[in-house]
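Trainee:
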Amino acid sequence: MTVIALATRGLNKNFGALKVTQDVNFELPVGARHALIGPNGAGKTTFINLLTGMLEPDSGSIELDGKPVTDLPPHERVKRGLARTYQINTLFPDLTPLEAVTLVACERHGMSRQWLPPLSRRTALIDESYALLKQLGIGDQAHRLTRHLAYGHQRVLEIALALATHPHVLLLDEPAAGVPAQESGILYEVISALPKEIAVLFIEHDMDLVFRFASHITVLVSGRVLRQGPPAQIAEDPEVRAVYLGTAVHA
Amino acid sequence: MLFSIFQGIVQVLFDGIAFGMLLFVMSVGLSITLGMMKFANLAHGVFAMLGGYVCTALMHRAGWPFLATLPAAFIVVAVASVFLERFVYRRMYTAKELDQVLLTVGIIYMAIAAAAYVWGPEPQAFALPDYLTMYRHVGSFSFSTYGALLLVLGTIITVAIFYGLERTRFGAMIRAAVDDRRVALGVGINVNRVFTITFAIGSGLAGLGGALGINALGLDPSFPIEYLVFFLIVVSIGGGGTVKGALAAALLLGLSDTAGKYYVPQTGAFIIYAVMLLVMLWRPNGLFGRP
Amino acid sequence: MTADTPTAETVGANAAAVADFRARARWRWYEPLFWLGAIAWYFLFPTYLPLGTQILCAALFALSLDLILGYGGIVSLGHTTFFGIGAYTAGLLAKHGWGEPLTCLLAGGVTAAIAGWVCSFVIVRVQGVALLLVTLGINLVLYEAANKAYTITGGADGLQGIVFWKLFGVFDYDIYGRVAYVYTLGVTFLLFLVARRIVHSPFGLALKGMRENWKRMPALGAALRRHGALIFVLSAALAGLSGALLAESVQFVALDSLGVQRSVDVLTMLIVGGTGVLYGSFVGATVYMVVRDQLADLNPAYWYFWIGLILVVIVLFTRNGLVGAVSDLADWIGRKRGGGSAS
C-alpha cells in the first residue's frame with residue numbers, strides 16, 4: 001500500500017468564466033518522481049499555486065501527508081513540509097547564496113524573529129547551509145551576490161532554497177527553464193541526487209528531462225487531467241499525441 | 252422643524268455636490284495617471300496651483316473676464332505638463348514607489364518656492380465677478396450662483412469624460428492601457444503617446460479646477476501641499492484608474508466635508524481623514540479599484 | 543543528508559562561511575568617524591549645541607524609519623505618529639508631576655511601541671499606494687485629534703510648562719543645552735548599537751529577504767505578517783524614544799511633533815542619505831538640518847527650492863542617496879584600480 005504524500009480531490013478554480021482547474025483528482029506517493037506536462041495555458045502553474053496556497057480553490061480539498069491543508073496559508077504548508085520552486089528565478093538579488101539559504105534555515109528553526117543575538121553566532125546553522133550549497137555543487141559561489149551568478153547556478157540556488165526548508169514534498173516549476181545546454185548538466189545532477197524520501201512533482205516542457213527522471217506522468221489539458229500513467233504508456237497514448245500535435249500546428 | 256431639517260439636507264446636498272464636482276475635476280487626472288502608469292504623482296496639486304495663478308494673472312494683469320480664464324488655464328497647464336512628463340516623469344515609470352513619491356515631493360517643493368518667488372507668499376487677492384457672488388433664493392432656500400457654476404461645469408466635464416472614454420477610439424485606447432498596459436502595447440497601441448496626451452488632459456483639468464476653485468479653496472504657494480491630502484484621498488477611496496471611482500470618491504468627500512462643516516463645525520478636517528481611514532481599512536484598493 | 547565526519551577541508555570552509563557573516567557585522571573604519579565628530583561638535587560649536595541635539599534626534603528618528611523602510615520595505619508616510627506619541631507622553635508625564643528624564647524616555651518608547659503594535663494589524667495587510675495612504679491617514683487623524691484636544695495637549699500652542707528633573711539627580715538642564723546634548727548623544731549611541739544588532743541578527747536577515755523578494759518569503763516558511771509587525775513595533779518604539787528625547791531637550795512639545803510635514807522631512811532625510819545602510823539616516827539628517835538651518839533664515843522660499851532640487855537630483859541620478867553614491871564611487875574606483883568583480 002503506497003503512502004500518499006500529497007493528494008487533491010475535486011480541485012476546482014475559476015477566474016470569472018475561465019475554468020483554469022477542473023475537478024482535478026491527483027495523488028503523489030512518497031518518494032515519487034512525477035512529471036506534470038501539458039500544452040501552454042493548461043493550468044500547470046495554477047495547479048502548483050493552488051497546492052502551495054498562493055491561490056484559493058473554489059472547491060475541492062488538498063491533503064498533505066493525509067492531513068487537510070486546504071485552509072492553511074502558504075507559510076504554514078511550508079512548515080509542514082511542502083516546498084516549491086519558481087519557473088522564473090524568484091531569488092534575493094543582493095543576498096549571497098549562503099545568506100539566502102541561511103535565511104531559510106533560520107525560518108525553519110523558528111529563530112527568524114530573534115532580533116538581538118548576532119547571526120554570526122549561529123555557527124551550526126551557517127555550517128548546515130554551506131553544506132547544502134556544497135552538496136548541490138555551488139559551494140564555491142556561496143559568497144557571490146546572487147545577481148552575479150550564472151543563470152544555471154541561479155536555477156540550482158532556486159532549488160537549494162526550497163530544499164533548505166527540509167520538505168518532504170517538492171514542487172519544481174520547469175526547473176530547467178531557460179538554462180543553456182552547457183549549464184544544464186549540473187541541474188540534472190541535482191535533480192537526480194534529490195533524496196529518495198522526498199516526493200517530487202515537476203512541471204516540464206523538456207521531454208528529455210521528463211523521460212529521464214519521471215516514473216509517472218500526469219497530462220493536464222485546459223485544467224483537466226487528460227491521462228495519468230507511466231512514461232511508456234503516456235508516450236504511446238493517441239489522445240496525448242493529438243493534444244501535442246494539435247498545439248504544434250497552432251504554435 | 253421637519254422642514255428646517257429638510258432645508259439643511261438640501262443645502263448640504265447642493266453645496267456638497269458642488270464641492271465634490273470641483274474636487275472631481277481637479278483629481279480625475281491623477282486617478283487615471285495612477286491607473287495607467289502606476290505612477291504616484293503627488294505633484295498633481297502643482298498643476299492646480301498653476302491654473303489658479305494663470306487665472307489671477309490674466310484677470311489682474313490683462314483684465315480678462317473670469318470665465319475666459321478657465322479654458323486658458325486648461326491649455327497653459329496642459330502644455331506645461333507635457334514638458335514635465337517628457338523630461339522628468341518618463342524616466343521614473345519603472346522606479347520604486349518611494350522614489351516616485353520623493354521625486355514628486357521634490358517637484359512640489361521647487362514649485363512652491365518658484366510660486367512664492369514670482370507671485371509672493373501671500374494669498375492671492377481674488378474677486379469673483381458679481382454675477383457669481385449672488386445667491387438665488389427659491390422659497391426659503393438660497394443657492395449660490397457660484398455653486399451652480401460648479402455643478403453645471405462639473406456635470407458637463409463629467410459627461411464629456413465619460414462620453415470620451417466610452418465612445419471615442421482614443422477613449423478605448425485609454426481604457427485598454429489602464430486595463431493591461433502590456434497587452435495594450437501588444438496590440439499596437441502607442442501607450443507612451445496615449446499616456447502623454449491623457450496626462451496633459453488630466454493636468455489641464457487640474458489647472459481648470461484650480462482656477463475654478465480659487466473662490467472656495469484660496470490660492471497661495473502652499474496650495475499643492477495643503478490640498479495634496481484631498482487628491483490622495485480621492486484617489487485612494489476611488490481606487491486608482493477609474494473615472495467612476497474618482498467621481499464617487501470626490502462626491503463622497505465633498506458631501507462629508509460640507510456636512511461636517513454644517514452640522515459639526517468643531518471637528519474640522521477630522522471628518523474627511525476619518526472617512527478616508529475607514530474606507531481604506533474596509534477596501535484597501537479603493538471602492539472601485541483592483542489590486 | 544548524510545553527516546560525514548568532517549574533514550579538515552570542510553571545517554576550514556565552514557569556518558570561512560561563519561567568518562563571512564562576522565565580517566559583515568564588523569565596524570567599518572568610517573563608522574567611528576561619525577561618533578568622534580559628534581563628540582568634537584560639543585567642543586567645536588558650543589553655541590550650536592541645540593542644533594546638534596536636534597540633529598541627533600532627527601537622525602534617530604530617520605534611523606527608526608530606515609528600519610521599516612530600508613530594511614523591511616514598508617513605506618510609511620506617517621511615521622511621525624510615533625515620534626509625536628513619544629514626545630507627548632514624556633511631556634505630559636513631566637507636566638503632570640513626574641519629570642525624571644530616563645523613565646519619561648522609556649515611557650515614551652513603550653507607549654509608542656504599543657501604538658505601533660495596534661497599527662501593525664492594519665499595516666501588514668496593505669501594500670503600495672494603499673499603505674502610503676493608510677499611514678498618512680493615521681498620522682492626519684492623530685494630528686487633528688491632538689489639535690482639537692487642546693485642553694490636554696495645548697493644541698496649536700503646544701505643550702508648555704514642562705520641567706524635567708535633574709538627569710541622574712545630578713545634572714541640571716542648562717540654557718546652553720550642554721547636558722541635553724551629552725545626554726542625547728549617549729542615548730542615540732546606545733540605541734544605534736541596538737539598531738545595529740537588529741540588522742545583524744537572524745531577524746535582520748529575514749528583513750533583508752522581505753525587502754529583496756517579498757513574494758518568495760512565504761514560500762520559504764516566513765510568516766510575513768508577524769515579521770512586519772515585529773519590525774513595525776521596534777521601529778515605532780525607536781521613533782517614540784527619539785520624540786521623547788527631543789521633548790526632554792527642549793522642554794516643550796510642539797504640535798508639529800505630530801505633523802505630516804515632519805513625516806515628509808524624515809523621508810527626505812533618508813532618501814538624501816541613503817536607505818538600508820544604517821548611516822544613511824545620520825548623513826541625511828545632518829545634511830538636511832544643517833542646510834535648512836543655514837538657508838531657511840535667509841528666505842524660506844530658498845530653502846524649499848534647494849531641498850526640492852536636491853531631492854529631484856538624488857532620486858533621478860543616484861542609486862541610493864549620498865551613501866549609495868559614495869559607495870558606488872568607491873566601487874568604481876576599486877574596479878578601475880584592481881579589476882574583477884567585487885561581491
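Residue numbers (our numbering), protein chains in the order written: chain Z, 1 to 251; chain F, 252 to 542; chain L, 543 to 885.
Backbone N, C-alpha and C fix where the C-beta goes; we use that ideal spot for every residue, glycine too.
Just so we're clear, the structure is a prediction, and the values are computed from it rather than from any experiment.
1. Where does the unbroken beta strand (DSSP E) through Z/Leu18 begin, and where does it stop?
2. When the Cα atoms are used, what is the spatial distance from F/Ala525 to F/Leu532?
3. Any C-beta of chain L sitting closer than 8 Å to the C-beta of Z/Ile203?
4. Mind listing, in chain order, the continuous alpha helix (DSSP H) runs of no fewer than 4 residues lying wholly within the region 305–350 of chain F?
5. Can you pull the chain L residues whose beta carbon is under 9 Å from the beta carbon of Z/Arg84, in chain order?
6. Consult DSSP for F/Gln375 and reduce its assignment to one of helix, strand or coil.
7. Taking only the alpha-carbon atoms, compute the straight-line gap between L/Gln836 and L/Val829 and give it to the nearest angstrom.
8. Helix, strand or coil for Z/Gln87 per DSSP?
9. Output the distance between the C-alpha atoms of Z/Pro238 and Z/Ala164, rounded to the nearest integer angstrom.
10. Output the distance between the C-alpha atoms of L/Ala491 and Z/Glu107, rounded to the nearest integer angstrom.
11. By the three-class DSSP mapping on this structure, what secondary structure does L/Arg564 have?
12. Chain Z partners of L/Val560, CB-CB under 8 Å?
13. In the DSSP assignment, the alpha helix (DSSP H) including F/Tyr386 goes from what residue to what residue?
14. Please tell me whether L/Lys690 has its Cβ less than 8 Å away from any Cβ of chain F.
15. Thinking C-alpha only, which one of F/His388, F/Phe481, F/Gly461 and F/Ala308 is nearest F/Ala501?
16. Which word fits Z/Gln141, buried or exposed, when buried means at least 16 other C-beta atoms lie within 10 angstroms of its C-beta?
17. May I ask you to report which of helix, strand or coil DSSP gives Z/Ile217?
18. Take F/Val339 and list the residues in its own chain whose beta-carbon comes closer than 8 Å to its own, dropping the five residues that flank it on each side.
19. What first and last residue would you give for the beta strand (DSSP E) that runs through Z/His34?
20. Verify the CB distance criterion: does L/Glu686 have a CB-CB separation below 8 Å to chain F?
21. Counting only Cβ-Cβ distances shorter than 7 Å, please list the residues of the region 166–186 of chain Z near chain L, keeping chain order.
22. Where does L/Gln702 sit, in a helix, a strand or coil, going by DSSP?
23. Name the DSSP beta bridge partners of Z/Pro68, please?
24. Would you decide whether F/Gly371 is buried or exposed? Buried here means 16 or more other CB atoms lie within 10 Å of its CB.
25. Does the region 720–739 of chain L come within contact of the region 578–586 of chain L, defined as at least 3 CB pairs closer than 8 Å?
26. Can you find a C-beta in chain L that's less than 8 Å from the C-beta of F/Tyr478?
27. So, at 8 Å on beta carbons, what are the nonlocal neighbours of F/Asn466 in its own chain, with the 5 sequence-adjacent residues on each side left out?
28. Starting from F/Ser395, follow the beta strand (DSSP E) in both directions and report where the run begins and ends.
29. Are the C-beta atoms of F/Leu353 and some chain L residue less than 8 Å apart?
30. Would DSSP call Z/Leu226 helix, strand or coil?
31. From the beta carbon of F/Glu336, is the nearest beta carbon of chain L less than 8 Å away?
32. Could you tell me the distance, in whole angstroms, from the CA atom of F/Ser282 to the CA atom of L/Val825?
33. Residues in the same chain with beta-carbon distance under 7 Å from Z/Leu125, minus the five sequence neighbours each way, listed in chain order, please.
34. Which first and last residues belong to the beta strand (DSSP E) in which Z/Arg9 is found?
35. Give a yes or no on whether 8 Å exceeds the smallest Cβ distance from L/Gly679 to chain F.
36. Give the straight-line distance between the Cα atoms of L/Val671 and Z/Gln114, rounded to the nearest whole angstrom.
Mentor: Considering the structure as presented:
1. For the purposes of this step, residue 18 of chain Z is taken as residue 18 along the first sequence, with counting starting at 1. Per DSSP, Z/Leu18 belongs to the beta strand (DSSP E) from Leu18 to Pro29.
2. Your numbering for residue 525 of chain F matches position 274 in the second sequence. Your numbering for residue 532 of chain F matches position 281 in the second sequence. Distance between the alpha carbons of F/Ala525 and F/Leu532 is about 11 Å.
3. The residue you call residue 203 of chain Z lines up with position 203 of the first sequence. No, its Cβ sits nowhere closer than 8 Å to a Cβ of chain L.
4. 317–338, all fully within the region 305–350 of chain F.
5. As a position in the first sequence, residue 84 of chain Z is number 84, starting the count at 1. Result: Ala761.
6. Numbered from 1 along the second sequence, position 124 holds the residue referred to as residue 375 of chain F. Coil.
7. Position 294 of the third sequence, counted from the start, is the residue given in the question as residue 836 of chain L. Position 287 of the third sequence, counted from the start, is the residue given in the question as residue 829 of chain L. CA-to-CA, the gap between L/Gln836 and L/Val829 works out to about 11 Å.
8. Numbered from its first residue, the first sequence carries residue 87 of chain Z at position 87. Z/Gln87 falls in the coil class under three-state DSSP.
9. Residue mapping note: residue 238 of chain Z aligns to position 238 of the first sequence, counting from 1. Residue mapping note: residue 164 of chain Z aligns to position 164 of the first sequence, counting from 1. One C-alpha to the other measures close to 41 Å.
10. Outside the displayed span of chain L (543 to 885) sits residue 491 of chain L, for which this structure offers no information.
11. Along the third sequence, read from residue 1 onward, the residue named residue 564 of chain L stands at position 22. In the structure shown, L/Arg564 adopts helical secondary structure according to DSSP, grouped into three states.
12. On the third sequence, position 18 is the one that residue 560 of chain L refers to. Simply Ser120, Thr123, Ile126 and Asp127.
13. Within the second sequence, the letter at position 135 stands for residue 386 of chain F. No alpha helix (DSSP H) contains F/Tyr386, which is instead part of the beta strand (DSSP E) from Tyr386 to Val389.
14. Counting from 1 along the third sequence, the entry for residue 690 of chain L is found at position 148. Answer yes: the Cβ-Cβ gap between L/Lys690 and chain F drops below 8 Å somewhere.
15. As a first step, residue 501 of chain F is located in the second sequence; it is residue number 250 there, counting from the start. Taking the Cα of F/Ala501 as reference, the smallest distance to any Cα among F/His388, F/Phe481, F/Gly461 and F/Ala308 is reached at F/Phe481.
16. Your numbering for residue 141 of chain Z matches position 141 in the first sequence. The residue in question, Z/Gln141, is buried, as its Cβ has 16 or more Cβ neighbours within 10 Å.
17. Residue mapping note: residue 217 of chain Z aligns to position 217 of the first sequence, counting from 1. Strand, per DSSP.
18. Within the second sequence, residue 339 of chain F is the residue found at index 88, counting from 1. Spatial neighbours of F/Val339 in its own chain (CB-CB distance under 8 Å, excluding positions within 5 residues in sequence) are listed in chain order as Leu354 and Ile358.
19. On the first sequence, position 34 is the one that residue 34 of chain Z refers to. In this chain, the beta strand (DSSP E) harbouring Z/His34 covers Arg33 to Ile37.
20. Here residue 686 of chain L refers to the residue found at position 144 when the third sequence is read from its first residue. Closer than 8 Å: yes.
21. Answer set for the region 166–186 of chain Z: empty.
22. Along the third sequence, read from residue 1 onward, the residue named residue 702 of chain L stands at position 160. In this structure, DSSP gives L/Gln702 a state outside helix and strand, which the three-state scheme calls coil.
23. For this step, residue 68 of chain Z is matched to residue 68 along the first sequence. As DSSP reads the structure, Z/Pro68 sits in a beta bridge with Z/Glu63.
24. Translated into positions along the second sequence, residue 371 of chain F becomes position 120. Classification for F/Gly371: exposed.
25. The answer is yes - the region 578–586 of chain L touches the region 720–739 of chain L, with three or more Cβ pairs under 8 Å.
26. Translated into positions along the second sequence, residue 478 of chain F becomes position 227. So no, F/Tyr478 is outside the interface.
27. Your numbering for residue 466 of chain F matches position 215 in the second sequence. So the qualifying residues of the chain are Phe377, Leu379, Leu383 and Tyr397.
28. Stepping through the second sequence from its first residue, residue 395 of chain F is reached at position 144. Here the beta strand (DSSP E) through F/Ser395 covers Phe392 to Ser395.
29. Counting from one through the second sequence, the residue named residue 353 of chain F turns up at place 102. Yes, its Cβ sits closer than 8 Å to a Cβ of chain L.
30. Position 226 of the first sequence, counted from the first residue, corresponds to residue 226 of chain Z. The answer is strand: DSSP assigns Z/Leu226 an E or B state.
31. Numbered from 1 along the second sequence, position 85 holds the residue referred to as residue 336 of chain F. No, because no Cβ of chain L sits closer than 8 Å to the Cβ of F/Glu336.
32. Reading the second sequence from its first residue, position 31 is the one you call residue 282 of chain F. Reading the third sequence from its first residue, position 283 is the one you call residue 825 of chain L. Approximately 36 Å, taken between the alpha carbons.
33. Numbered from its first residue, the first sequence carries residue 125 of chain Z at position 125. Within the same chain, Cβ atoms closer than 7 Å to the Cβ of Z/Leu125 are found at Thr102, Ala105, Cys106 and His109, the five residues on either side in sequence being excluded.
34. To locate residue 9 of chain Z, count along the first sequence from 1; it is residue 9. It spans Ile4 to Phe15 - the beta strand (DSSP E) in which Z/Arg9 sits, taken as one unbroken run.
35. Reading the third sequence from its first residue, position 137 is the one you call residue 679 of chain L. It does; some Cβ of chain F falls within 8 Å.
36. Position 129 of the third sequence, counted from the first residue, corresponds to residue 671 of chain L. Position 114 of the first sequence, counted from the first residue, corresponds to residue 114 of chain Z. L/Val671 and Z/Gln114: Cα-Cα distance of roughly 30 Å.
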